[in-house]
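One structure below.
Number of protein chains: 4
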Amino acid sequence: MPKEKQTTKKQEKYTLILDAAETLMKKKGLYSLNMDEVSYFSNLAKGTLYLYFRSKEEILAALALKARILLLAHFEKAVLNENQPIQQLKAIIHANYTFLKNNPLYYELVSFYEINDRETETEEMSAVILRITELVIGIIKNGQLAGEIDSRIDPSILSFTMWGMTVGIMQLLKVKAATISNHPNLSENIVLDNYIKVFLDGIK
Amino acid sequence: MPKEKQTTKKQEKYTLILDAAETLMKKKGLYSLNMDEVSYFSNLAKGTLYLYFRSKEEILAALALKARILLLAHFEKAVLNENQPIQQLKAIIHANYTFLKNNPLYYELVSFYEINDRETETEEMSAVILRITELVIGIIKNGQLAGEIDSRIDPSILSFTMWGMTVGIMQLLKVKAATISNHPNLSENIVLDNYIKVFLDGIK
Amino acid sequence: MPKEKQTTKKQEKYTLILDAAETLMKKKGLYSLNMDEVSYFSNLAKGTLYLYFRSKEEILAALALKARILLLAHFEKAVLNENQPIQQLKAIIHANYTFLKNNPLYYELVSFYEINDRETETEEMSAVILRITELVIGIIKNGQLAGEIDSRIDPSILSFTMWGMTVGIMQLLKVKAATISNHPNLSENIVLDNYIKVFLDGIK
Amino acid sequence: MPKEKQTTKKQEKYTLILDAAETLMKKKGLYSLNMDEVSYFSNLAKGTLYLYFRSKEEILAALALKARILLLAHFEKAVLNENQPIQQLKAIIHANYTFLKNNPLYYELVSFYEINDRETETEEMSAVILRITELVIGIIKNGQLAGEIDSRIDPSILSFTMWGMTVGIMQLLKVKAATISNHPNLSENIVLDNYIKVFLDGIK
DNA sequence: TATGAATGAGCGTTCATTCAT
DNA sequence: AATGAATGAACGCTCATTCAT
Numbered sequence: 002m003p004k005e006k007q008t009t010k011k012q013e014k015y016t017l018i019l020d021a022a023e024t025l026m027k028k029k030g031l032y033s034l035n036m037d038e039v040s041y042f043s044n045l046a047k048g049t050l051y052l053y054f055r056s057k058e059e060i061l062a063a064l065a066l067k068a069r070i071l072l073l074a075h076f077e078k079a080v081l082n083e084n085q086p087i088q089q090l091k092a093i094i095h096a097n098y099t100f101l102k103n104n105p106l107y108y109e110l111v112s113f114y115e116i117n118d119r120e121t122e123t124e125e126m127s128a129v130i131l132r133i134t135e136l137v138i139g140i141i142k143n144g145q146l147a148g149e150i151d152s153r154i155d156p157s158i159l160s161f162t163m164w165g166m167t168v169g170i171m172q173l174l175k176v177k178a179a180t181i182s183n184h185p186n187l188s189e190n191i192v193l194d195n196y197i198k199v200f201l202d203g204i205k
Numbered sequence: 002m003p004k005e006k007q008t009t010k011k012q013e014k015y016t017l018i019l020d021a022a023e024t025l026m027k028k029k030g031l032y033s034l035n036m037d038e039v040s041y042f043s044n045l046a047k048g049t050l051y052l053y054f055r056s057k058e059e060i061l062a063a064l065a066l067k068a069r070i071l072l073l074a075h076f077e078k079a080v081l082n083e084n085q086p087i088q089q090l091k092a093i094i095h096a097n098y099t100f101l102k103n104n105p106l107y108y109e110l111v112s113f114y115e116i117n118d119r120e121t122e123t124e125e126m127s128a129v130i131l132r133i134t135e136l137v138i139g140i141i142k143n144g145q146l147a148g149e150i151d152s153r154i155d156p157s158i159l160s161f162t163m164w165g166m167t168v169g170i171m172q173l174l175k176v177k178a179a180t181i182s183n184h185p186n187l188s189e190n191i192v193l194d195n196y197i198k199v200f201l202d203g204i205k
Numbered sequence: 002m003p004k005e006k007q008t009t010k011k012q013e014k015y016t017l018i019l020d021a022a023e024t025l026m027k028k029k030g031l032y033s034l035n036m037d038e039v040s041y042f043s044n045l046a047k048g049t050l051y052l053y054f055r056s057k058e059e060i061l062a063a064l065a066l067k068a069r070i071l072l073l074a075h076f077e078k079a080v081l082n083e084n085q086p087i088q089q090l091k092a093i094i095h096a097n098y099t100f101l102k103n104n105p106l107y108y109e110l111v112s113f114y115e116i117n118d119r120e121t122e123t124e125e126m127s128a129v130i131l132r133i134t135e136l137v138i139g140i141i142k143n144g145q146l147a148g149e150i151d152s153r154i155d156p157s158i159l160s161f162t163m164w165g166m167t168v169g170i171m172q173l174l175k176v177k178a179a180t181i182s183n184h185p186n187l188s189e190n191i192v193l194d195n196y197i198k199v200f201l202d203g204i205k
Numbered sequence: 002m003p004k005e006k007q008t009t010k011k012q013e014k015y016t017l018i019l020d021a022a023e024t025l026m027k028k029k030g031l032y033s034l035n036m037d038e039v040s041y042f043s044n045l046a047k048g049t050l051y052l053y054f055r056s057k058e059e060i061l062a063a064l065a066l067k068a069r070i071l072l073l074a075h076f077e078k079a080v081l082n083e084n085q086p087i088q089q090l091k092a093i094i095h096a097n098y099t100f101l102k103n104n105p106l107y108y109e110l111v112s113f114y115e116i117n118d119r120e121t122e123t124e125e126m127s128a129v130i131l132r133i134t135e136l137v138i139g140i141i142k143n144g145q146l147a148g149e150i151d152s153r154i155d156p157s158i159l160s161f162t163m164w165g166m167t168v169g170i171m172q173l174l175k176v177k178a179a180t181i182s183n184h185p186n187l188s189e190n191i192v193l194d195n196y197i198k199v200f201l202d203g204i205k
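Protein chains in written order, with the working numbering: chain G, 2 to 205; chain Y, 2 to 205; chain H, 2 to 205; chain E, 2 to 205.
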């Protein structure tokens with residue numbers, strides 16, 4: 002069998018396992034993933050899982066990577082739809098929100114590794130976040146050139162800050178969903194828009 | 002034995018257990034707390050633990066409450082040291098940061114219940130968060146009266162937003178501590194100050 | 002304090018405990034009785050329970066005795082209402098059935114000690130069963146004298162047999178209640194009457 | 002390894018566990034079975050037990066099923082040895098008795114599920130009881146055709162009644178073994194024969 | 001490469017009984 | 001006599017990982 006084919010086959014199983022894990026997590030949540038079920042739903046023996054992933058943790062990390070890549074793609078697409086830097090930043094925050102809404106599991110995975118200091122975070126994973134950061138830095142620089150963003154702010158620091166704030170707001174929206182919907186004056190969109198307003202006004 | 006003394010003794014055991022749990026969590030992290038070790042380190046039989054707490058979860062909740070109360074106290078003290086609303090908000094964010102630095106476990110406990118929708122969150126626990134919210138709302142209102150904060154922003158929404166953003170930034174500082182310290186232009190304080198600047202400029 | 006009064010008081014507590022245990026068992030079943038709840042519902046400290054009963058088992062035994070005494074009383078009353086031996090036996094079986102229906106817990110207690118060979122069965126408890134046996138023996142003898150019951154059967158053996166068969170039928174009615182009510186031709190009364198018929202025809 | 006062999010091996014372990022459980026129950030009684038000891042006596046890790054049985058309860062159920070099947074076989078064999086319906090019924094009751102004597106644990110298991118309404122009673126288990134019922138019904142019908150059993154009695158009701166009475170008598174013999182052997186006029190056989198006589202006379 | 005049987009430490013919780021006060 | 005805090009063995013069950021085949 003040619004090596005390529007083998008690699009393809011290997012890749013297939015790898016994906017198979019990841020898909021099973023993902024399906025299971027969507028059904029039962031991030032924390033109740035267990036190898037027995039992954040084995041069952043991937044139609045692979047339990048031992049086989051360990052030929053593709055050194056541990057359960059590694060499966061999680063792989064999914065987290067996938068989630069980050071998807072988020073990056075989401076951001077890139079959102080940015081392309083806009084011309085003005087400010088609108089692009091806005092678009093990114095909105096993309097973040099829709100991503101959270103449409104892929105709660107992926108967002109949870111992203112947060113999970115953002116919040117907890119996992120020792121398994123690989124360079125590959127960090128690289129994606131770096132690309133997100135660079136995307137944002139680029140926009141900020143453009144905004145500063147266009148005079149729409151305060152030039153005294155260091156772009157990379159701002160990008161960093163923006164990421165932290167936005168993740169914080171997203172978590173708030175997720176956890177306090179009930180509180181928000183019960184409040185008369187509140188809605189998720191109002192909170193989100195308020196955040197965007199404060200942020201954009203803050204960087205002018 | 003007078004009833005008072007007994008109550009004191011009971012209180013002592015309660016604290017003993019909580020202290021043991023706290024020490025253990027500081028050593029091994031929030032998630033690896035287990036009743037066997039709590040029993041061992043508190044010099045109490047495992048069954049005894051259940052005379053003071055109905056479940057392991059309740060121990061966690063008690064510690065989370067303690068953490069929240071401490072955080073509130075921290076905030077109140079910080080606010081008292083300042084006269085101007087803007088300075089007070091700044092002080093709160095700084096207090097949040099020093100709290101995180103000095104009591105990482107407590108901060109983790111606060112976050113834990115902020116991020117995960119625990120069913121065990123009691124009214125008592127929510128009440129503390131409410132008091133924090135009200136503290137902030139009060140300051141915002143003062144700031145609006147003094148013309149230092151944009152009057153068009155709803156105070157309670159802003160308080161909400163501020164909480165989300167700040168928690169997000171704190172997590173960022175915690176998780177990305179290594180990244181930050183490696184960066185040449187970055188330091189935790191710079192990120193923090195940048196956040197504060199953006200936030201305060203944003204609400205002017 | 003006169004000794005009598007003390008005894009009375011002692012008796013009161015004894016009854017208190019038994020009542021609490023009974024109430025609890027009615028609520029949650031024979032097997033889930035636990036000393037914590039007995040303590041709580043009797044308003045007596047847990048240690049106090051052990052001043053009146055050497056063990057939980059002893060509480061069970063006391064209740065089983067009470068149940069047997071009540072059953073005996075039930076039988077005696079039933080017998081008094083009839084003149085003819087055959088009718089009296091019939092009445093006893095019916096009394097057994099109504100007792101089961103009205104006091105399922107008591108019946109369970111009676112059965113419990115009939116089915117399992119409890120080491121705690123006291124002479125007092127056996128004595129009650131003996132009195133039931135003797136009651137039945139008396140009736141059988143009368144029936145034999147009256148020519149209504151086959152004289153060749155030894156009365157005490159028959160009494161023994163009758164007790165076994167009846168308890169068996171009662172259990173059947175209890176456990177197979179669902180099966181019986183689903184069956185088109187069956188009802189508890191039909192089974193009971195059939196049993197009575199077979200039994201009475203069998204001893205003629 | 003051929004699949005057949007594996008199945009055999011799997012079957013062997015299943016049996017191993019069941020045997021360990023059985024041995025333990027014979028030693029210490031139905032109720033004190035625990036998984037630690039089953040693990041120890043089967044030379045299998047505790048986790049392994051759960052590969053073959055979903056729960057402790059399932060082990061009990063499996064043994065109860067085994068007991069029922071054995072009892073049915075016992076009955077069928079007893080019936081084959083006789084030609085006359087009345088003799089066959091007699092043989093069944095005797096078979097019941099010898100079964101109790103030879104396999105007290107199995108009998109306890111049969112009773113256990115007869116007395117307590119276990120939610121785990123499977124269709125397979127009910128099916129065996131049904132076959133016993135049908136065996137008896139068939140005999141009764143034959144007896145009625147031959148004019149040896151009262152035709153006015155509904156066979157299925159009678160079968161039902163007979164099962165209840167017989168189980169009751171067996172329990173009596175088991176629990177009151179001591180009482181019986183102490184009595185001058187009594188012996189287990191006398192009680193049994195008396196029961197059979199009453200029953201058979203009753204259905205004529 | 002693939003299997004899946006086997007492992008066994010680990011977990012949270014219960015509860016009858018004891019005993020110092 | 002009365003208390004109730006304290007005990008600690010016991011229990012059923014889970015699950016990531018290993019390894020002989």
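Even for Gly, the Cβ is constructed at its ideal location relative to N, Cα and C. Small disclaimer: the values here were computed from a predicted structure and weren't measured.
Of all residues in the region 42 to 54 of chain G, none is placed with a Cβ closer than 9 angstroms to any Cβ belonging to chain Y. Counting along the chain, the unbroken alpha helix (DSSP H) around Y/Leu-50 starts and ends at 47 to 53. Beyond the five residues adjoining it in sequence on each side, E/Ile-94 comes within less than 7 angstroms, by CB distance, of Thr-167 and Ile-197 in the same chain, given in chain order.
E/Gly-165 is positioned such that its CB atom lies no closer than 7 angstroms to that of H/Leu-25. For H/Asp-202, a Cβ of chain E is located within less than 7 angstroms of the residue's own Cβ. Around the beta carbon of G/Gln-89, 16 or more other beta carbons sit within 10 angstroms, so the residue counts as buried. Between G/Tyr-196 and chain Y, the shortest Cβ-Cβ separation is below 7 angstroms.
By the Cβ rule, the region 139 to 155 of chain E does not count as touching the region 142 to 150 of chain H, because fewer than three pairs are nearer than 8 angstroms. H/Glu-135 carries a helical assignment under DSSP once its states are collapsed to helix, strand and coil. Shortest Cα-Cα distance from Y/Tyr-32 to any of Y/Lys-67, Y/Asn-104, Y/Leu-72 and Y/Phe-113 involves Y/Phe-113. Taking 7 angstroms as the cut-off, the beta carbon of G/Ala-68 is found no closer than this to the beta carbon of G/Leu-136.
Within chain E, no residue has its beta carbon less than 8 angstroms from that of H/Glu-58; the closest one is some 13 angstroms off. Identification of residues in the region 139 to 166 of chain E having a C-beta nearer than 9 angstroms to some C-beta of chain H yields Asp-151, Ile-154, Asp-155, Ser-157, Ile-158, Leu-159, Phe-161, Thr-162, Met-163, Trp-164, Gly-165 and Met-166, given in sequence order. In the displayed model, H/Leu-187 falls within coil according to three-state DSSP, outside both helix and strand. The residues Ile-138, Ile-141 and Lys-142, in chain order, have a CB closer than 6 angstroms to that of H/Pro-156 in the same chain once the five nearest residues on each side in sequence are set aside. Contact note: G/Gln-12 does not reach chain Y at a C-beta cutoff of 9 angstroms; the least C-beta distance is about 31 angstroms. Neighbours of H/Glu-115 in chain E, taken as residues at a C-beta separation under 8 angstroms, are given in chain order as Gln-172, Leu-173 and Val-176. Under the 10 Å beta carbon count, G/Glu-124 is surrounded by fewer than 16 other beta carbons and is classified as exposed. With a threshold of 7 angstroms between beta carbons, G/Gly-169 makes contact with chain Y. By the C-beta criterion, the region 6 to 21 of chain Y is judged to be in contact with the region 60 to 80 of chain Y, since at least 3 inter-stretch pairs fall below 8 angstroms. H/Ile-93 does not reach chain E, its nearest Cβ partner there being about 15 angstroms away, counting only Cβ pairs nearer than 7 angstroms.
Judged by beta-carbon spacing, E/Asn-195 lies within the 7 angstroms limit of H/Thr-162, meaning their Cβ atoms are closer than that value. The C-alpha of G/Arg-55 is placed about 47 angstroms away from the C-alpha of G/His-184.
The DSSP-derived three-state label of E/Ala-147 is coil. The beta carbon of E/Val-192 sits closer than 7 angstroms to some beta carbon of chain H. In terms of Cβ geometry, E/Leu-73 and E/Ile-154 do not form a close pair [threshold 7 angstroms].
Linking E/Ile-204 to H/Val-199 through their CA atoms gives a straight-line distance of about 6 angstroms.
DSSP places G/Leu-81 within a helical segment (H, G or I) once states are collapsed to three. Minimum Cα-Cα distance from G/Asn-186 among the listed residues Y/Ala-96, Y/Ser-188, Y/Gly-148 and Y/Ile-158 corresponds to Y/Ile-158.
With respect to the C-alpha of H/Leu-101, the residue from H/Ile-170, H/Glu-77, H/Glu-120 and H/Ile-130 having the closest C-alpha is H/Ile-170.
G/Val-199 belongs to the set of residues whose beta carbon lies under 7 angstroms from a beta carbon in chain Y. Using a Cβ-Cβ cut-off of 7 angstroms, H/Asp-37 does not count as an interface residue toward chain E, since no Cβ of chain E sits closer than that to its own. Closer than 7 angstroms to the CB of E/Asp-118 there is at least one CB belonging to chain H. The DSSP-derived three-state label of E/Gly-30 is coil. The shortest C-alpha to C-alpha distance from G/Asn-117 to any of G/Pro-105, G/Ser-188 and G/Ala-65 is the one to G/Ala-65.
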